[in-house]
Structures are given as structure tokens and as C-alpha cells.
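Below: one structure, written as C-alpha cells.
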Amino acid sequence: MALKVKALSLVLAGILAGCASIPQDILQLSPESLEERQLQTRRFETEDEAKLLSASATLLQDLGFTITKSVTSLGVITASKDRSAVEAGQVALAVLLSILAQQNVPYDETQKMRVSVVTQPLGDGKSTAVRVTFQRIVWNTHKQISRREQLSDPEIYQEFFSKLSKAVFLEAHQL
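Residues -20 to -1, 1 to 155 in mature numbering (1 follows the signal peptide of the UniProt record, and there is no 0) are what the sequence shown spells out, letter by letter.
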């Protein structure tokens, strides 16, 4: 009897869950995501995706990144680099807490910076959009991931696109 009640309850719950409607705005982009996309994307007055990708790869290597994947036919480059994530204030706080709590308190130790570059020809046939995203993963002294985040500092993107513009110019003029 109890088994029949549980089975009936489970079926009833499934039916009720199936009646739930999908929110109207489920596929609407938020204003923040549109702002982020504008920050991450620039238009270049060239239809030559290969040159844009080549200039992007060269720039990333100049910035210390290692190219992890490059698919020219799809207009995609991914790269990464490892850096220290140690901050003096965080270490001092961890030491103080370790003394007070008599436990080893972790602090951020290493980080992997990841970047993705995607190119897409625009409808006018004369220009190409380049979108770049930067992320980082931070590990603490216990080798646990303490943070995983997308970087949204406008300066990072402005600097990248400024250097990419120069690299595209130099590559176009073979300087």
C-alpha cells in the first residue's frame, strides 16, 4: 500500500512539473550581457579573417600566453598562461587566522589566465568582428579552486584591442 502511495505521488509530481510554463523572457539577454558583449567585441575593416587570427595569435604570444587551440576555419583561438595569485594582504590575513585558529588557513597561490578569440565576418562583406574573452581560475595553497571568474575590467579589453589594431596594421603592411 505504501509503495502504491509513493508511486502515485511520484507520478502526480511529474505531471504537475510538466504543467509548469516557461517564462516569456527566458531567451532575452540581460542589459549587462549586452554591455559585456560590446566591451569584448570590436569591428575591423578587413574581410581577411586569417590575418586577424594570425595577428591575434602573435599578440597573445607576445603577452605571454601559450596557444592551446587554433581552428582557423572556425575563426577560433584559445590560449592560457599561469601566473602567481599571491597577494601580501591575503597571506598576512591567512597567517593571522592560522595563529588564532591553530589551523592551516589557505590563501590564493596560482592562477591560470585563459583567453578566447573568435572572429566572425560581418554581413557587409568588408569587415570582421573580433570577440575576446578573458577568464581566470585561481587555486589556493590546498590546491583547491578558490575562484573561477570572467574578467570584465574594461582596461584589459581596451588594451588588447589597441594592441591588436597595431598588430593588424603591422601585419597588413608587413612591417
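From the three backbone atoms N, C-alpha and C, an ideal C-beta is built for every residue, glycine too. No experiment lies behind these values; they were computed from the predicted model shown.
In three-state terms, what does DSSP make of Thr38? helix
Is the beta carbon of Arg23 less than 8 angstroms from the beta carbon of Ser107? yes
For Gln130 and Thr113, believed in contact at Cβ under 8 angstroms, the rounded distance: 7 angstroms
Ala(-14), buried or exposed, once every other Cβ within 10 Å from all chains shown has been counted against 16: exposed
Environment of Ser53 [buried if 16+ CB atoms lie within 10 Å]: An exposed status is given to Ser53, since fewer than 16 other beta-carbon atoms sit within 10 Å of its beta-carbon.
What's the C-alpha gap between Gln20 and His122? 33 angstroms
Any heavy atom of the ligand NAD inside 7 angstroms of the beta-carbon of Arg116? Among the ligands in the structure shown, none appear at all, so the ligand NAD cannot be discussed.
Starting from the Cα of Arg94, find the closest Cα among Thr48, Gly55, Asp28 and Gln8 and give me that residue. Thr48
Boundaries of the alpha helix (DSSP H) in which Glu15 is found, first to last residue: Segment Pro11 to Gln20, the alpha helix (DSSP H) holding Glu15.
Report the rounded CA-to-CA distance for Gly103 versus Ala109, giving the unit in angstroms. Between Gly103 and Ala109, the C-alpha separation is close to 10 angstroms.
With a threshold of 16 other CB atoms inside 10 Å of the CB of Leu(-11), please say whether the residue is buried or exposed. exposed
Going by DSSP, what residues sit across from Glu129 in a beta bridge? Arg116
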